[in-house]
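Worksheet for the structure shown next.
Protein chains: 2
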Amino acid sequence: MKWDALEEEPCSLARTVAVIGDRWSLLILRECFLRKRRFEAFQSSLGITRHLLAERLKKLVRFGVLRRIPYQQSPKRYEYILTQKGLDLYPVIMSIVHWGNIHMVDSRGRPMLHEHKKCGKMFDPVMVCSECGEPVTAKGVHVHPGPGARQAPTAA
Amino acid sequence: MKWDALEEEPCSLARTVAVIGDRWSLLILRECFLRKRRFEAFQSSLGITRHLLAERLKKLVRFGVLRRIPYQQSPKRYEYILTQKGLDLYPVIMSIVHWGNIHMVDSRGRPMLHEHKKCGKMFDPVMVCSECGEPVTAKGVHVHPGPGARQAPTAA
DNA sequence: ATTGACAGTTCTAAAACAGAACTATAAGGC
DNA sequence: GCCTTATAGTTCTGTTTTAGAACTGTCAAT
Chain E
1 MKWDALEEEP
11 CSLARTVAVI
21 GDRWSLLILR
31 ECFLRKRRFE
41 AFQSSLGITR
51 HLLAERLKKL
61 VRFGVLRRIP
71 YQQSPKRYEY
81 ILTQKGLDLY
91 PVIMSIVHWG
101 NIHMVDSRGR
111 PMLHEHKKCG
121 KMFDPVMVCS
131 ECGEPVTAKG
141 VHVHPGPGAR
151 QAPTAA
Chain R
1001 MKWDALEEEP
1011 CSLARTVAVI
1021 GDRWSLLILR
1031 ECFLRKRRFE
1041 AFQSSLGITR
1051 HLLAERLKKL
1061 VRFGVLRRIP
1071 YQQSPKRYEY
1081 ILTQKGLDLY
1091 PVIMSIVHWG
1101 NIHMVDSRGR
1111 PMLHEHKKCG
1121 KMFDPVMVCS
1131 ECGEPVTAKG
1141 VHVHPGPGAR
1151 QAPTAA
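Sequence lines, in order, name chains E and R. Those letters in the first sequence? Residues 1 to 156, by my numbering. Those letters in the second sequence? Residues 1001 to 1156, by my numbering.
This is the structure we're talking about:
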């Protein structure tokens, strides 16, 4: 299956994987959420090759996750900032970080702590139901085909 | 940077990307959450090559996300089920699906709807603070170095 | 004895990636 | 004017990963 085919799948997970499901995109987005914006900044803190970085940035711009904006004329220089679509990836990033915090840290503990400005405390993200506010677990959810489901009986 | 190096990074996101940050692992896990368990089932519904499927399953078992369990003797046959570590990826999967639902669906609408058994309603997942229960956004969070932070001034 | 189901393994060609060098534009120091 | 530095890429070559198809081994059913 080609990458392009993934985007066309009738599955929201597959389509999102087409955007962020490679080795570098999520790491680039991590840097974006840490307020990094420039090519050299991404390259030096990630250790990604320049070639691949240029390509990934193009991809993220093409998908509307980042916007490429000139920050000076002569010589023209651009920086990359998160669009609203990109900012909306925050729960994805945070849930990944949280899983890593629980299951992948070594004896030294978490590399980062997160403070919720509103309440002032260090917190973990919790996923709850938009309707009743109770936590959501795999076993507590029932799946139904939606209007965009594929007709053939294949998973979506 | 090699995949192995990713696992060693002092960053919970990087370490999690080492587990799920490729093109197929998340799709395999999607099938697991949809109660698929067997090699042939994964292969036929994903269209992944058998070679790569075998390798990815091994990787997920090695990381403790899946467990390989015999379901019959003679001939020996195995199936793959989610461990607790794997079940804990549910918020990651759901936040990815939700982002796709908002930003990647075509005119036909969502391929899938999710019902919260507890309240009986179709819902969206919402990420809230474990301490105060209020929703979490990128701008409402402040990041601090934790005990596992790298000493050199590099992003983690 | 033959077919089919299942869970893989092995092979070759194509695509993606790593690592390093190179290009283009301009500012600043001498 | 000439040299160095900064930034944002592009180009090149060799290695690794992936796609696609065919093949293996074990057993049950016909």
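Just so you know, even glycine gets a beta-carbon here, dropped at the ideal spot from N, CA and C.
Proximity below 9 angstroms, CB of residue i to CB of residue j
i, j, result
"residue 965 (chain R)", "residue 83 (chain E)", "Lying outside 1001 to 1156, the shown extent of chain R, residue 965 (chain R) is not represented and no answer is given."
"residue 1012 (chain R)", "residue 104 (chain E)", "yes"
"residue 1032 (chain R)", "residue 116 (chain E)", "no"
"residue 1144 (chain R)", "residue 127 (chain E)", "no"
"residue 98 (chain E)", "residue 1010 (chain R)", "no"
"residue 133 (chain E)", "residue 1133 (chain R)", "yes"
Residue-chain proximity (residue i, chain E), Cβ-Cβ < 9 angstroms
i, result
"residue 1057 (chain R)", "no"
"residue 1061 (chain R)", "no"
"residue 1124 (chain R)", "yes"
"residue 1039 (chain R)", "no"
"residue 1053 (chain R)", "no"
"residue 1076 (chain R)", "no"
"residue 1156 (chain R)", "Because the pLDDT at residue 1156 (chain R) is just 37, under 50, the model does not fix this residue reliably, and the value given afterwards should be weighed accordingly. True, the Cβ-Cβ gap to chain E drops below 9 angstroms."
"residue 1004 (chain R)", "no"
"residue 1079 (chain R)", "no"
"residue 1110 (chain R)", "yes"
"residue 1138 (chain R)", "yes"
"residue 1023 (chain R)", "yes"
Residues of its chain near residue i, where Cβ-Cβ distance is below 7 angstroms and the 5 sequence neighbours each way are ignored
i, result
"residue 27 (chain E)", "46"
"residue 69 (chain E)", "78, 79, 81"
"residue 1063 (chain R)", "1019"
"residue 1085 (chain R)", "1064, 1065"
"residue 1154 (chain R)", "Below a pLDDT of 50, predicted positions are generally treated as unreliable, and residue 1154 (chain R), at 40, falls in that range; no measurement from the model is reported."
"residue 3 (chain E)", "18"
"residue 135 (chain E)", "126, 127, 128"
"residue 1124 (chain R)", "1098"
"residue 76 (chain E)", "70"
Close Cβ partners of residue i (< 8 angstroms) along its chain, the five nearest in sequence each way excluded
i, result
"residue 1052 (chain R)", "1024"
"residue 1036 (chain R)", "1042, 1045"
"residue 1006 (chain R)", "1014, 1015, 1017, 1018, 1021"
Closest residue to residue i among the options (Cα-Cα distance)
i, options, result
"residue 72 (chain E)", "E:38, E:21, E:64", "E:38"
"residue 137 (chain E)", "R:1114, R:1031, R:1063", "R:1114"
"residue 1102 (chain R)", "E:40, E:148, E:43", "E:148"
"residue 8 (chain E)", "R:1132, R:1135, R:1125, R:1110", "R:1110"
"residue 139 (chain E)", "R:1004, R:1094, R:1040, R:1139", "R:1094"
"residue 1088 (chain R)", "R:1029, R:1075, R:1040", "R:1029"
"residue 1107 (chain R)", "E:132, E:146, E:107", "E:146"
"residue 1131 (chain R)", "R:1124, R:1141, R:1048", "R:1141"
Cutoff 9 angstroms: residue i Cβ touching any chain R Cβ
i, result
"residue 15 (chain E)", "yes"
"residue 88 (chain E)", "yes"
"residue 69 (chain E)", "no"
"residue 20 (chain E)", "yes"
"residue 66 (chain E)", "no"
"residue 166 (chain E)", "Here chain E has residues from 1 to 156 only, and residue 166 (chain E) is not among them."
"residue 150 (chain E)", "yes"
Beta-carbon proximity list for residue i, same chain, < 6 angstroms, skipping 5 on both sides
i, result
"residue 1067 (chain R)", "1081, 1083"
"residue 165 (chain E)", "No statement about residue 165 (chain E) is possible, as the shown extent of chain E runs from 1 to 156 and does not include it."
"residue 1048 (chain R)", "1024"
* So, do the segment 49 to 58 of chain E and the segment 104 to 120 of chain E have three or more beta carbon pairs nearer to each other than 8 angstroms? -> The segment 49 to 58 of chain E is not in contact with the segment 104 to 120 of chain E.
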